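Start counting the sequence shown at 1111; every next residue gets the next number (the numbering used here).
Since the structure comes first, as structure tokens, the remarks are kept for the end.
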Amino acid sequence: MRKVTGLSEIGFVRLVAMVMVIFAAAPTSGEDMVLVPLGSRETAPSQPPPTRAPALTAAASASGPTGCSGWQWANPRPQGNYLSGLAYGANRFVATGRKGTVLTSSNGTDWQLQPAWTSRSISSTTWVGTQFMATVSDENTQVSGVVMTTPDGITWTERTTGTSSRITAFATNGSTIVAVGMSGHVLTTSDGVNWTPRASGTTNSLLDVVWAGTEFVAVGYHSTIVKSPDGITWHAYQLSVGGVFIDLTLNSVSWSGSVLVLLTRSLGWGISYLARAWVASRSG
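Structural data, given as structure tokens:
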């Protein structure tokens, strides 16, 4: 495992959060990072506005008043299952959630409930250039090595990646699709059907991955960061500040085109880096 050190070489490093922000000193200052409060939080309303509870309606079946069939959501509409995935591709938004829930929209305002292709929950939905990919779970238990794919958000197919660990996220550089998962598992595919396992250099679980212009970057438990120029060869790092290792869970990562932003829920922080921040000294 290699550690990301030498943060004083970075033009700036900002840890942005609702509660605190960390600023790295200029490269020539040699000073350590300090915590700067952002100010007081907004006070939550003492009494939240009333909400209507989810409700179902159904027509009585021919079997009698105690039996009903054809249940449909009455409030909210068009459905009330939790949603945990959202992506845009093929000229439409696709939202996914519990019990195989899938909704599609061409404008983000008007949504159509699609037929369920699985009773499992669908999440981490991602557009990978030619199709949507998503992870699946049985209630709160992720299904190991199984993903769902669809070209349009309407017709879905369950795929097996061949790994015994659950998949957590996907990314693509336009030709290679990368999936990351628990226990440091990384797999690649060009079609979503045939998967090849890759050595990530870590056994720490990976929670998210992104294509950052010139390389894939994945993040996960214990401040783990792994990166690869092609999805095949990976190098593992651990985040440190001023030479001190910080044990954080890095939950997600996003690339703006010039800045890579990491989110950690461990302390409510966001961590942003200039692209050159990844050119840091290695050890180990």
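Just so it is clear, CB atoms sit at the ideal spot from N, CA and C, and this is done for glycine as well.
Values in this document were obtained by computation on a predicted structure and should not be read as measured data.
1) Taking the alpha-carbon positions, what's the Ile-1287 to Asp-1357 distance?
2) Can you look up Ser-1139 in the DSSP assignment and give me helix, strand or coil?
3) When DSSP labels each residue in this structure, what does Gly-1395 get in the three-state scheme?
4) CB-CB under 7 Å to Ala-1100, same chain, minus the five flanking residues each way: which ones, in chain order?
5) Between Gly-1218 and the rest of its own chain, which residues show a CB-CB distance below 7 Å, the 5 nearest in sequence each way excluded?
6) Expressed to the nearest angstrom, what Euclidean distance is found between the alpha-carbon atoms of Gly-1272 and Gly-1323?
7) Compare the Cα-Cα distances from Leu-1316 to each of Arg-1208, Ala-1279, Ser-1364 and Thr-1214 and report the closest residue.
8) Under 8 Å by Cβ, that's how I've got Arg-1276 and Val-1253 pegged, so tell me the actual separation to the nearest angstrom.
9) Keeping to the same chain, check which residues put their C-beta closer than 6 Å to that of Thr-1299; ignore five residues upstream and five downstream.
10) Examine chain C for any beta-carbon lying closer than 9 Å to the beta-carbon of Asp-1220, and answer yes or no.
11) Tell me the rounded alpha-carbon separation between Ala-1289 and Gly-1352.
12) In this structure, does DSSP put Ser-1399 in helix, strand or coil?
13) Identify whether Ser-1366 lies in helix, strand or coil by the three-state DSSP scheme.
14) Considering Cα atoms alone, identify which of Ser-1366, Trp-1365 and Thr-1374 is closest to Thr-1334.
15) Helix, strand or coil for Arg-1375? Go by DSSP, reduced to three states.
16) With DSSP as the reference, please indicate the residues paired to Lys-1209 in a beta bridge.
17) Please classify Thr-1343 as buried or exposed, where buried requires at least 16 neighbouring CB atoms within 10 angstroms.
18) Under a Cβ-count criterion, where at least 16 other Cβ atoms within 10 Å of its own Cβ denotes burial, should Thr-1367 be classed as buried or exposed?
19) Across which residues does DSSP place Arg-1230 in a beta bridge pair?
20) To the nearest angstrom, how far is the alpha carbon of Glu-1248 from that of Lys-1209?
21) Look up Gly-1255 in the DSSP assignment and say whether it is helix, strand or coil.
22) Kindly give me the distance between the Cβ atoms of Gly-1291 and Gly-1239, rounded to whole angstroms, as I take these residues to be in contact under 8 Å.
23) Going by DSSP, name the residue or residues bridged to Glu-1398.
24) With C-beta atoms as the reference, is Ala-1309 less than 9 Å away from Val-1319?
25) With distance defined between alpha-carbon atoms, name the residue in Ala-1244, Ser-1215 and Thr-1312 nearest to Thr-1228.
26) Count the other C-beta atoms from every protein chain shown that fall within 10 angstroms of the C-beta of Tyr-1192, then say buried if there are 16 or more, exposed otherwise.
27) Is it the case that the Cβ atoms of Ala-1346 and Gly-1311 are separated by a distance below 9 Å?
28) From Ser-1350, Gly-1294 and Ala-1226, pick the residue whose C-alpha is nearest to that of Gln-1189; which is it?
29) Alpha carbon to alpha carbon, how far is Pro-1137 from Val-1256?
30) What residue from Ser-1364, Thr-1359 and Pro-1307 has the CA that sits closest to Gly-1330's CA?
31) Return the CA-CA distance between Thr-1211 and Met-1258, expressed in angstroms with no decimal places.
Taking the geometry as given:
1) By one-based count along the sequence shown, residue 1287 stands at place 177. By one-based count along the sequence shown, residue 1357 stands at place 247. Each residue's alpha carbon lies about 29 Å from the other.
2) As a first step, residue 1139 must be located in the sequence shown, where it is residue number 29. Here the model assigns Ser-1139 a pLDDT of 36, short of 50, so the residue's position is not dependable and the matter cannot be decided.
3) Limits of the chain in this structure are 1111 at one end and 1394 at the other, which puts residue 1395 out of reach.
4) Lying outside 1111 to 1394, the shown extent of the chain, residue 1100 is not represented and no answer is given.
5) As a first step, residue 1218 is located in the sequence shown; it is residue number 108 there, counting from the start. Only Phe-1203 meet the Cβ criterion.
6) Start at 1 with the first residue of the sequence shown, and residue 1272 comes out as number 162. Start at 1 with the first residue of the sequence shown, and residue 1323 comes out as number 213. Their backbone Cα atoms lie some 28 Å apart in a straight line.
7) In the sequence shown, residue 1316 corresponds to position 206, counting from 1. That would be Ala-1279, whose Cα lies nearest to the Cα of Leu-1316.
8) The residue labelled residue 1276 in the question sits at position 166 within the sequence shown. The residue labelled residue 1253 in the question sits at position 143 within the sequence shown. Right, the Cβ-Cβ distance comes to about 7 Å (below 8 Å), so this counts as a contact.
9) Along the sequence shown, one-based indexing puts residue 1299 at 189. Excluding positions up to five away in sequence, the list reads Ile-1287 and Trp-1305.
10) Looking for chain C here will not work: only one protein chain is present.
11) Within the sequence shown, numbered from 1, the residue matching residue 1289 stands at position 179. Within the sequence shown, numbered from 1, the residue matching residue 1352 stands at position 242. Cα to Cα, Ala-1289 sits roughly 32 Å from Gly-1352.
12) Since the first residue of the chain shown is 1111 and the last is 1394, residue 1399 is not available in this structure.
13) For this step, residue 1366 is matched to residue 256 along the sequence shown. Coil at Ser-1366, not helix or strand.
14) Walking along the sequence shown from the start, residue 1334 turns up at place 224. The shortest Cα separation from Thr-1334 among Ser-1366, Trp-1365 and Thr-1374 belongs to Thr-1374.
15) Against the sequence shown, residue 1375 aligns to sequence position 265. Of the three classes helix, strand and coil, the one that applies to Arg-1375 here is coil, per DSSP.
16) Walking along the sequence shown from the start, residue 1209 turns up at place 99. Answer is none; Lys-1209 lacks a bridge partner.
17) As a first step, residue 1343 is located in the sequence shown; it is residue number 233 there, counting from the start. It counts as exposed.
18) For the purposes of this step, residue 1367 is taken as the residue at position 257 of the sequence shown. Note that residue 1367 is Gly in the sequence shown, not Thr. Gly-1367 is exposed by the Cβ-count criterion.
19) Counting from one through the sequence shown, the residue named residue 1230 turns up at place 120. Per DSSP, none; premise fails for Arg-1230.
20) Within the sequence shown, residue 1248 is the residue found at index 138, counting from 1. Within the sequence shown, residue 1209 is the residue found at index 99, counting from 1. A small fix is needed here, since residue 1248 is Asp in this sequence, not Glu. Those two C-alpha atoms are separated by around 8 Å.
21) Position 145 of the sequence shown, counting from 1, holds the residue named residue 1255. DSSP places Gly-1255 in strand when its eight states are reduced to three.
22) In the sequence shown, residue 1291 corresponds to position 181, counting from 1. In the sequence shown, residue 1239 corresponds to position 129, counting from 1. That belief does not hold up - the Cβ atoms of Gly-1291 and Gly-1239 are roughly 20 Å apart, past 8 Å.
23) Outside the modelled stretch of the chain, which goes from 1111 to 1394, sits residue 1398, for which no answer is possible.
24) Position 199 of the sequence shown, counted from the start, is the residue given in the question as residue 1309. Position 209 of the sequence shown, counted from the start, is the residue given in the question as residue 1319. Going by C-beta atoms, Ala-1309 is not nearer than 9 Å to Val-1319.
25) Position 118 of the sequence shown, counted from the start, is the residue given in the question as residue 1228. It is Ala-1244.
26) For the purposes of this step, residue 1192 is identified with residue 82 of the sequence shown, where counting begins at 1. Counting Cβ neighbours within 10 Å, Tyr-1192 comes out exposed, since fewer than 16 surround it.
27) Sequence index remark: in the sequence shown, residue 1346 carries index 236 (1-based). Sequence index remark: in the sequence shown, residue 1311 carries index 201 (1-based). Against a cut-off of 9 Å, the Cβ pair of Gly-1311 and Ala-1346 comes out as a contact.
28) For the purposes of this step, residue 1189 is taken as the residue at position 79 of the sequence shown. Nearest option by C-alpha distance: Ala-1226.
29) In the sequence shown, residue 1137 corresponds to position 27, counting from 1. In the sequence shown, residue 1256 corresponds to position 146, counting from 1. Legend: pLDDT at Pro-1137 = 33, less than 50; position of this residue unreliable, value from coordinates given subsequently. Distance between the alpha carbons of Pro-1137 and Val-1256: 46 Å.
30) Along the sequence shown, one-based indexing puts residue 1330 at 220. Answer by Cα proximity: Thr-1359.
31) Along the sequence shown, read from residue 1 onward, the residue named residue 1211 stands at position 101. Along the sequence shown, read from residue 1 onward, the residue named residue 1258 stands at position 148. C-alpha separation (whole angstroms): 13 Å.
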